[in-house]
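For the sequence shown, the positions run 0 to 304 when numbering that gives the first Met the number 0 is used.
Structure record follows, encoded as structure tokens.
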Amino acid sequence: MNPSYITFSERVLAARKEGRPIVALESTIISHGMPYPENMNTAREVEEIIRQNGAEPATIAIINGKIKIGLADNELEFLATSKEIMKASRRDLPYLLATNKHGATTVAATMICAAMAGIQVFVTGGIGGVHREAVVTMDISADLQELAKTNVAVVCAGAKSILDLGLTMEYLETNGVPVIGYQTDVLPAFYTRRSPFTVNYRLNTPDEVASLIQAKWNLGLEGGVVIANPIPEEFAMEEAFINNVMDMALSEAKKAGINGKEVTPFLLGKVKELTKGTSLEANIALVKHNAEIGAKIAACLTTRI
Ligand code: PSU
Ligand code: MN
């Protein structure tokens, strides 16, 4: 790869040199997932949690057409406040690099950049998936294709039920992506600890998860692993309430004729509006919990190699 496309922060460079564990973080959640200043505070706190748990955080974004692996505080602030940040998935990377623009990386794009940087573990809130009515719209997140082919393990709290979770599980199965329940048998659904679906396997410790990841890649099986870590009990939302909110958001999106990359941000925005911000607290709590587990998994992976 042309090295001029990619820039590492000093801290991430040092961690690489010393062979310390590194955890990738996405930036769509900062620029398009949460309001200011909660997005900025959460981005900082999540990085700190990763450090406290023995790994170096590497928040990833495109700034001035460069892939940045690890961001300075002023760069986080820029992503948290600027309106000039494009939501960047796999498709958008060449355009942003060619035109020196700014992009907040989705799960798919963050996985690509993490893999380029040799980072194996990535922490986020929720992954994209197969949308409800995808049979008609063909709206399937590029995150799922990326999980099929890029060797990065993704720690999340499942996926929001704005998606069709059953079809999302089928898609991942077809593509050989294991979905691990971290200390759970049930697929979590972001705001809730439960969904009507089971995970493929339950594992109970970071080292068990690291062992599965290592086995997958040692076998030469390309692609990611999903580690689904339920939201902490005390922050979980009431299932009937949040499902009702999702239904309302979906019908508004349909009425407004939203499509393409705008679908997910529109739905997330509506959910936020309809829950009057109570969903934000849950969102922050689950990302922090994922950061703790992700850092521990990354640390275990490093000692195994
Ligand atoms: N789901 C969430 N919060 C998010 C996203 C998804 O609960 O912030 C973001 C992630 O960056 C994810 C992207 O990769 O949306 C998926 O977008 P799309 O469905 O357009 O692929
Ligand atoms: Mn889509």
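Glycine included, C-beta positions come from ideal geometry on N, C-alpha and C.
Take Ile126, set aside five residues on each side of it, and the residues of its chain with a beta-carbon closer than 6 angstroms to its own are Val106, Asp142, Cys155, Ala158, in chain order. A distance criterion of 6 angstroms places the beta-carbon of Ser140 in contact range of the ligand MN, judged by its closest non-hydrogen atom.
Under the Cβ criterion (8 angstroms, minimum of three pairs), the stretch 55-72 counts as touching the stretch 10-29. Rounded to whole angstroms, the gap between the alpha carbons of Thr197 and Ala227 is 11 angstroms.
Exclusion of Gly69 from the 6 angstroms shell around the ligand PSU follows from its C-beta lying no nearer than that to any non-hydrogen atom of the ligand.
Residue state for Met85 is assigned as strand, using DSSP reduced to three classes. Linking Cys299 to Ala209 through their CA atoms gives a straight-line distance of about 6 angstroms. By a beta-carbon distance limit of 8 angstroms, Ala23 contacts Thr109. Their separation comes to about 6 angstroms. A straight line joining the alpha-carbon of Asn217 with that of Val151 spans about 13 angstroms.
Put simply, the backbone Cα of Lys67 is about 23 angstroms away from that of Ser140.
Out of Thr27, Ile230, Pro93, Arg50, the CA that lies nearest to the CA of Phe77 is found in Thr27. The Cβ-Cβ distance between Asn203 and Gln182 falls below 7 angstroms.
Within the same chain, Cβ atoms closer than 8 angstroms to the Cβ of Ser8 are found at Ala57, Lys67, Ile68, Gly69, Leu70, Ala71, the five residues on either side in sequence being excluded. Taking a 10 Å sphere around the C-beta of Ser250, we find fewer than 16 other C-beta atoms and assign the residue as exposed. Judged by DSSP in its simplified three-state form, Gly157 adopts strand. In summary, Met137 is exposed, with fewer than 16 beta-carbon neighbours lying within 10 Å of its beta-carbon over all protein chains present. Residue environment: Leu220 is assigned as exposed (fewer than 16 neighbouring CB atoms within 10 Å of its CB, all protein chains considered). The three-state reading of DSSP puts Tyr190 in coil, since its state is none of H, G, I, E or B. For the ligand PSU, no non-hydrogen atom lies closer than 6 angstroms to the CB of Thr191.
Taking 8 angstroms as the upper bound for CB-CB distance, Asp163 and Val129 are in contact here, some 5 angstroms apart. Burial check for Asn38: the Cβ neighbour count within 10 Å reaches 16 or more, so the residue is buried.
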